[in-house]
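Asks: The following block contains the structure, expressed as structure tokens.
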Amino acid sequence: DTAVSQTPKYLVTQMGNDKSIKCEQNLGHDTMYWYKQDSKKFLKIMFSYNNKELIINETVPNRFSPKSPDKAHLNLHINSLELGDSAVYFCASSSQVEDTQYFGPGTRLTVL
Amino acid sequence: SQQGEEDPQALSIQEGENATMNCSYKTSINNLQWYRQNSGRGLVHLILIRSNEREKHSGRLRVTLDTSKKSSSLLITASRAADTASYFCATDGNDYKLSFGAGTTVTVRA
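Spelled out as structure tokens, the structure:
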């Protein structure tokens, strides 16, 4: 009965590959987010979807493409992976009524 | 750009002592939130304080907000080993997103 889940938890891949991270929430929330946490623990918003509509699109390379098939899922696809993409990626969700966000366990991406 | 900045970056205390960390931000906010992150885990929401509130309590947590100084503090009283974690402040402005600082790493020694 995990609230926000992400798969995979760890992802190790070579430079130039394409990979996807999946996120699902069972909280009935309308809004979902992707964050990137770097090695210094700085957490930066990347994207946000509200009811499958993109509402936040920060300055992120267009190699990153979010996809929301329904409001319970928000996936992140990354093309042509680079060394600098190595980080922990967190998915989160929130409701329109409540301001707090609920985070998934994170996906640690390592690009070799 | 980074909105909140926590201070200190790291804090080491003895079990039973209080831990205080501060957060400063740059622009006007609707609310300010504190989150905890245990090593290798996701962030967990601790407490939210709205811009018209000055102080809020939740269990052993006390949060203050001074909008004139654009700063907030988080006090954890009677710390326990389980409080060892990184603590982040996040500001919620009018742009539908939270802006996080880099966190304060708290170590509680037994």
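Keeping their order, the protein sequence lines are chains A and B. The working numbering puts the first residue of the first sequence at 1, with every later residue one more than the last. The working numbering puts the first residue of the second sequence at 1001, with every later residue one more than the last. No residue lacks a Cβ here, since even glycine has one placed at the ideal position from N, Cα and C.
Run through DSSP, which three-state label would L11 of chain A get?
Replies: Here L11 of chain A sits in strand by DSSP.
Asks: Given this structure, state the Cα-to-Cα distance separating T19 of chain A from K52 of chain A, to the nearest angstrom.
Replies: According to the sequence provided, residue 19 of chain A is Lys. The question's Thr does not apply to it. In a straight line, the C-alpha of K19 of chain A is about 21 Å away from that of K52 of chain A.
Asks: Since P66 of chain A is in the beta strand (DSSP E), which residue starts that stretch and which ends it?
Replies: Segment F64 to D70, the beta strand (DSSP E) holding P66 of chain A.
Asks: Which residues mark the beginning and the end of the beta strand (DSSP E) in which I56 of chain A is found?
Replies: First-last of the beta strand (DSSP E) with I56 of chain A: E53 to N57.
Asks: Relative to the C-alpha of V60 of chain A, which residue among A:D99, A:A72, A:G84 and A:T13 is closest?
Replies: It is A:G84 whose Cα lies nearest to the Cα of V60 of chain A.
Asks: What does a CB cutoff of less than 6 Å around T1077 of chain B pick up in its chain, not counting 5 residues either side in sequence?
Replies: Counting only Cβ-Cβ distances below 6 Å, and skipping sequence neighbours, we find N1018 and R1060.
Asks: Note down, one range per segment and in chain order, each beta strand (DSSP E) of at least 3 residues found wholly within the region 1059 to 1098 of chain B.
Replies: Segments of the beta strand (DSSP E) lying fully in the region 1059 to 1098 of chain B: 1061 to 1066, 1071 to 1076 and 1085 to 1092.
Asks: Pick helix, strand or coil for L1043 of chain B, following the three-state DSSP scheme.
Replies: DSSP places L1043 of chain B in strand when its eight states are reduced to three.
Asks: Would you be able to state if there are at least three C-beta pairs under 8 Å between the region 98 to 106 of chain A and the region 40 to 54 of chain A?
Replies: Too few Cβ pairs lie closer than 8 Å, so no.
Asks: Taking 8 Å as the threshold (beta carbon to beta carbon), is D1083 of chain B in contact with chain A?
Replies: No, because no Cβ of chain A sits closer than 8 Å to the Cβ of D1083 of chain B.
Asks: When the Cα atoms are used, what is the spatial distance from T1091 of chain B to Y1035 of chain B?
Replies: When rounded, the distance between both Cα atoms is 11 Å.
Asks: With a Cβ-Cβ cutoff of 8 Å, do M15 of chain A and L112 of chain A count as a contact?
Replies: For M15 of chain A and L112 of chain A, yes; Cβs fall inside 8 Å.
Asks: Going by beta-carbon coordinates alone, are S1073 of chain B and T1107 of chain B separated by less than 8 Å?
Replies: Not a contact, by the Cβ cut-off of 8 Å.
Asks: Using a Cβ-Cβ cut-off of 8 Å, state whether A1078 of chain B counts as contacting chain A.
Replies: Cβ-Cβ to chain A under 8 Å: no for A1078 of chain B.
Asks: Return helix, strand or coil for P1008 of chain B, following the three-state DSSP convention.
Replies: P1008 of chain B falls in the coil class under three-state DSSP.
Asks: So if DSSP puts R1050 of chain B in a beta bridge, which residue, or which two residues, is it bridged to?
Replies: DSSP output for R1050 of chain B lists B:N1031 as bridge partner(s).
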